Each structure stands twice: as C-alpha cells, then as structure tokens.
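Q:
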Amino acid sequence: FRLYRKRKGIVIAASQSGEDFYVGSGGQAIVQNSSHKIFLRQDPSKFHYTAQAFNLNEQQSSVILRLRTVKGVESQFFLLSDIGEGALVLPLEPSFYWASTNNGDDNQLFAEVLEQCHGDFALALKQVVAIAPYGAKALQEQMLRMDSQNGGRRSANGVNAQMSATDQIFNGGIHQRN
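Numbering of the sequence shown is given in my numbering, commencing with residue 1249 and proceeding in unit increments.
1) Specify, as a first and last residue, the run of the beta strand (DSSP E) that residue 1435 falls within.
2) How is residue 1286 classed by DSSP in three states: helix, strand or coil?
3) So what's residue 1262 in DSSP terms, helix, strand or just coil?
4) Reducing DSSP to helix, strand and coil, say where residue 1348 ends up.
5) Report the residue from 1313, 1386 and 1279 whose alpha carbon sits nearest the alpha carbon of residue 1342.
6) Residues bridged to residue 1326 by DSSP?
7) Among 1302, 1292 and 1301, whose alpha-carbon lies nearest the alpha-carbon of residue 1316?
8) Would residue 1234 pass as a contact of residue 1326 if the rule is Cβ separation under 7 Å?
9) The alpha helix (DSSP H) spanning residue 1275 covers which residue range?
10) Between the beta-carbon of residue 1290 and the beta-carbon of residue 1312, is there less than 7 Å?
11) Between the C-alpha atoms of residue 1366 and residue 1380, what's the straight-line distance to the nearest angstrom?
12) Per DSSP, what kind of secondary structure is residue 1403 in: helix, strand or coil?
13) Out of curiosity, what's the CA-to-CA distance linking residue 1263 and residue 1339?
14) Please classify residue 1363 as buried or exposed, where buried requires at least 16 other C-beta atoms within 10 Å of its C-beta.
Structure follows, in structure tokens:
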C-alpha cells in the first residue's frame, strides 16, 4: 500500500467483516496506509474490534453504529478521510438497484419478467423498475396492502395479491409508471 501511495496510485480494499483488518499484520498495514475509509452498517457485537483497529473515537463509533440501510432506497455510510469525516447517504436509483441486487426474490421476479420479455434485458429492466422500484418484497407488500383494503377482492385497478407479480405486470393489473 505504501508503494501505491508513493507512486500516486490507488488500491481499494473492501470487506464485509472488520475482522479482515484487525487479524494479522496485513490488515493493520492496510488501515495505517489508507487515507479514506468508508464504513457501512456494522454488527454491534463485533464492532469494538473494528473500532480499535481503525483507532475510532467514541463519537465516530457511535455514529457508525447508528447507520441504517433502507433496502432499495438508500444506504448510509461514514467517511473517515484525511480531508474530513462524516455520515453521508447514498441514495439508490431503482435501475442500479435492479442491476446489482442478489436478493433471491428480486432475482426470481426479474427472471420471470425477462422470460415474459423474450430475453430482452433492457425491456425487462425497464419493466421491473416501473412496477417494483424498491424490489420484489416491497411490491409484494404493496399488493397485500391493496388486497387487504379490498377484503381480498380484486381492487379497482385490478390488483389481487394471489396473482403473481408477472401476471399483474403483463395483464395490466398494476398501473406502470413511465
């Protein structure tokens, strides 16, 4: 890492566990030679090790432990840098959400929509963004709310929670946003 900084290069090290940075000397070298550190929501039961490895003060630790992620909407993160520090929010654009999700329900819905679109990825992406911008689970919850408001009957706009999401998309059950 020192060599990269000396030559004005960059290296990005990412991990889902702070443990990767506090176990062994390699992790400490990364921490000591990184000018920018980004923290997402952390597991409170293990965070004290991460806080110690990154030499975080009590206020920084407190902010990091309060970070939230709202699936399909936004992710809060804490930036610790040579130029400053603070909690920031990364809003999630629905197209990016759908292009990067690895959630099983999302993948199943996308596969069904892709099949209905005869393999046209761009059209399938446009369809899922229009009807489920915050993911398959949010769409399912919306359908159940609408269904319960109508006592299990088909609602005025044709949505019925017992229908599959793709049936509703392609049979006009949900009004699509343009």
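Beta carbons: idealized from backbone N, C-alpha and C, even for Gly. On a predicted model such as this, the values are computed, not experimentally measured, just so you know.
A: Result, derived from the coordinates:
1) Any question about residue 1435 goes unanswered here, given that the chain covers just 1249 to 1426.
2) In the sequence shown, the residue the question calls residue 1286 occupies position 38. Reduced to three states, the DSSP call for residue 1286 is strand.
3) Looking up residue 1262 in the sequence shown gives position 14. Coil, per DSSP.
4) Walking along the sequence shown from the start, residue 1348 turns up at place 100. If DSSP states are grouped into helix, strand and coil, residue 1348 belongs with the helices.
5) Position 94 of the sequence shown, counting from 1, holds the residue named residue 1342. Selected option, being the one with the closest Cα: 1386.
6) Residue numbering aside, residue 1326 sits at position 78 when the sequence shown is read from its first letter. In the DSSP output, where bridge partners are listed per residue, residue 1326 has 1287 and 1335.
7) Within the sequence shown, residue 1316 is the residue found at index 68, counting from 1. When each option's Cα is compared against that of residue 1316, the closest is 1292.
8) No answer is possible for residue 1234: the residues shown for the chain start at 1249 and end at 1426.
9) As a position in the sequence shown, residue 1275 is number 27, starting the count at 1. That run of the alpha helix (DSSP H) goes 1273 to 1280.
10) Here the question's residue 1290 lines up with position 42 in the sequence shown. Here the question's residue 1312 lines up with position 64 in the sequence shown. Contact flag set, yes.
11) Within the sequence shown, residue 1366 is the residue found at index 118, counting from 1. Within the sequence shown, residue 1380 is the residue found at index 132, counting from 1. Using only the alpha carbons, I get a separation of about 19 Å.
12) Here residue 1403 refers to the residue found at position 155 of the sequence shown. Because the pLDDT at residue 1403 is just 47, under 50, the model does not fix this residue reliably, and the point stays unresolved.
13) Numbered from 1 along the sequence shown, position 15 holds the residue referred to as residue 1263. Numbered from 1 along the sequence shown, position 91 holds the residue referred to as residue 1339. Cα to Cα, the separation comes out at about 21 Å.
14) Residue mapping note: residue 1363 aligns to position 115 of the sequence shown, counting from 1. Residue 1363 comes out exposed.
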